[in-house]
Amino acid sequence: MLRRTLFTLPLAIAAQQRKALKIVGLETDLKINPPRKPNYDALQALGIHSGTVTLRIKTDAGITGWASSSFGTVEGGPKVLRAILEEEVKPLILNQDPAFPRKIRAILNQGLQYQGLTGITQFAIAATDIAIWDILGKHANLPVWRMIGAMRDRMPVYSMCGWYYDNDDDLSQYKAEIEKALAHGYRAIKIKTGKYSMADDERRIRLAQDLAGKDRRVMLDANQVFSRNEALRRGHIYQQMGVFWYEEPLPPQDMAGYAELADKLEIRLATGENLYTKYQFNDLIQRKGADIVQPDNRRAGGVTEWLEIAAIADAAGIQLASHGGGDVNMNMLCAVPNAIYMETGGPQPRMINGEVTAPEVPGMATDPTIK
Ligand SMILES: [Mg+2]
Numbered sequence: 366m367l368r369r370t371l372f373t374l375p376l377a378i379a380a381q382q383r384k385a386l387k388i389v390g391l392e393t394d395l396k397i398n399p400p401r402k403p404n405y406d407a408l409q410a411l412g413i414h415s416g417t418v419t420l421r422i423k424t425d426a427g428i429t430g431w432a433s434s435s436f437g438t439v440e441g442g443p444k445v446l447r448a449i450l451e452e453e454v455k456p457l458i459l460n461q462d463p464a465f466p467r468k469i470r471a472i473l474n475q476g477l478q479y480q481g482l483t484g485i486t487q488f489a490i491a492a493t494d495i496a497i498w499d500i501l502g503k504h505a506n507l508p509v510w511r512m513i514g515a516m517r518d519r520m521p522v523y524s525m526c527g528w529y530y531d532n533d534d535d536l537s538q539y540k541a542e543i544e545k546a547l548a549h550g551y552r553a554i555k556i557k558t559g560k561y562s563m564a565d566d567e568r569r570i571r572l573a574q575d576l577a578g579k580d581r582r583v584m585l586d587a588n589q590v591f592s593r594n595e596a597l598r599r600g601h602i603y604q605q606m607g608v609f610w611y612e613e614p615l616p617p618q619d620m621a622g623y624a625e626l627a628d629k630l631e632i633r634l635a636t637g638e639n640l641y642t643k644y645q646f647n648d649l650i651q652r653k654g655a656d657i658v659q660p661d662n663r664r665a666g667g668v669t670e671w672l673e674i675a676a677i678a679d680a681a682g683i684q685l686a687s688h689g690g691g692d693v694n695m696n697m698l699c700a701v702p703n704a705i706y707m708e709t710g711g712p713q714p715r716m717i718n719g720e721v722t723a724p725e726v727p728g729m730a731t732d733p734t735i736k
């Protein structure tokens, strides 16, 4: 009798787990933040208009999958995203089984193709996928990085700390922000360049390198603002100065320009935060337009698409660093063999020796009720 219980109980649980789940609801919350004092990169001001859409996908098993998507600058963006989720995604995914994320992606790609699968439409598809992986992780009672094939349980992080600020000609705020990041324990920092002259860039880089010292890395981000000629001219100087990587010198759509730059410069070229789906990454990679790709989990796609992008890059010998940080990125990066960094800022929970340890809550660690 005892023996029978031991053998039948796990089988009963397994049978129950195989029972199909069903999506029975989708809810969203919209939060518009009050304007704060902006910080700037070479392209834009961040913080004046910002907001977040939170997504909850409900299942008949009582498991809710959470995701959120934040905007740093587009005033109407969160409202558009909410409308796409409520009015277009919801009817497409109701009654689907969340255990089929690639099928759900195919349904969304087909259902939303009329309006195009890039832009805010992809923010909606990506958030849906992340919420679905949150359901799957909770159902399996595992953090997603442990389910999808872990490579590591911690990631090196760098701090995006060297912004442009109002009334900062003497770089005192710039310097204070870098010092704060180093005091938090970061072993790599990123600064913005390209807003003003090359001489201004050199002043900023030298100050950052002096503060960081020889054992810490400094990366640069130009946020798309250069022409091809200017990107090459400045790239040679950045290279001589020993910067670790040179990020997004050109508009993201200029793939031929990236290929030309990557060919002419030895410095690591990084880009990808404004590319959508594996098809655009594949285009960049086929053209040999980057040394490091930087997918964003709102634009590139969710977990499903991200892992495919990472694999395409890996096969081409290209490294990966996330655009942005947090637990969603940690859940993906820990399963990506060619990942080298997570981007982030501020003090990090679970940071040891310049690395963040992976979240251990089941799912994507997106659910504020179980953190
Ligand atoms: Mg960037």
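In terms of the working numbering, the sequence shown opens at residue 366 and continues consecutively.
Each residue gets a CB set at the ideal place from its N, CA and C atoms; glycine is no exception.
Just so you know, these numbers come straight off a predicted model, no measurement behind them.
{"Item": "Ligand 1 heavy atoms versus the CB of Asp619: any closer than 7 angstroms?", "Value": "no"}
{"Item": "Cβ of Asn404 within 7 angstroms of any heavy atom in ligand 1?", "Value": "no"}
{"Item": "Is the beta carbon of Ala586 within less than 7 angstroms of some heavy atom of ligand 1?", "Value": "What sits at residue 586 in the sequence shown is Asp, not Ala. Asp586: yes, Cβ under 7 angstroms from ligand 1."}
{"Item": "How would you call His504, buried or exposed, if buried means at least 16 neighbouring beta carbons within 10 angstroms?", "Value": "buried"}
{"Item": "Less than 7 angstroms separating the Cβ of Glu725 from some heavy atom of ligand 1?", "Value": "no"}
{"Item": "Three Cβ pairs or more, each shorter than 8 angstroms: is that satisfied between the stretch 442 to 460 and the stretch 405 to 413?", "Value": "no"}
{"Item": "Closest to Asp580 by CA distance: which of Gly607, Lys653, Glu542 and Ala621 is it?", "Value": "Gly607"}
{"Item": "Does the beta-carbon of Ser687 have 16 or more other beta-carbons within 10 angstroms, so that it is buried, or is it exposed?", "Value": "buried"}
{"Item": "Among the residues of its own chain, which have a CB less than 6 angstroms from the CB of Asp732, if the five just before and after it don't count?", "Value": "Trp431"}
{"Item": "Under the assumption that Trp528 contacts Asn404 (Cβ atoms under 8 angstroms), give the Cβ distance between them as a whole number of angstroms.", "Value": "4 angstroms"}
{"Item": "Hey, how far is the Cα of Ala548 from the Cα of Ala627?", "Value": "34 angstroms"}
{"Item": "Taking only three categories from DSSP, how would you classify Glu544?", "Value": "helix"}
{"Item": "By Cβ distance, which residues of its chain are closer than 6 angstroms to Met366, with the 5 residues on each side in sequence left out?", "Value": "Unreliable placement is indicated for Met366, whose pLDDT of 44 sits below 50; no coordinate value is reported for it."}
{"Item": "Looking at the secondary structure, which residues open and close the alpha helix (DSSP H) in which Gly442 lies?", "Value": "Gly442 to Ile449"}
{"Item": "Determine, for Val658, whether the minimum Cβ-Cβ distance to residues of chain D falls below 8 angstroms.", "Value": "The question asks about chain D, but that chain is absent: this structure has only one protein chain."}
{"Item": "Rounded to whole angstroms, what's the CA-CA distance from Gln589 to Ala596? Just pull it up for me.", "Value": "9 angstroms"}
{"Item": "Quick check on the DSSP output: the beta strand (DSSP E) that includes Ile397 runs from which residue to which?", "Value": "Ile388 to Asn398"}
{"Item": "Using 8 angstroms for Cβ pairs, my map puts Ser433 next to Thr419. What's the rounded Cβ distance?", "Value": "5 angstroms"}
{"Item": "I'd like the list of long-range same chain contacts for Asn647, defined as Cβ closer than 7 angstroms, with 5 residues on each side in sequence excluded.", "Value": "Ile677"}
{"Item": "How about Asp499 and Gly667: are their beta carbons less than 8 angstroms apart?", "Value": "no"}
{"Item": "Nearest to Ile458 by alpha carbon, out of Gln475, Val445 and Lys444?", "Value": "Gln475"}
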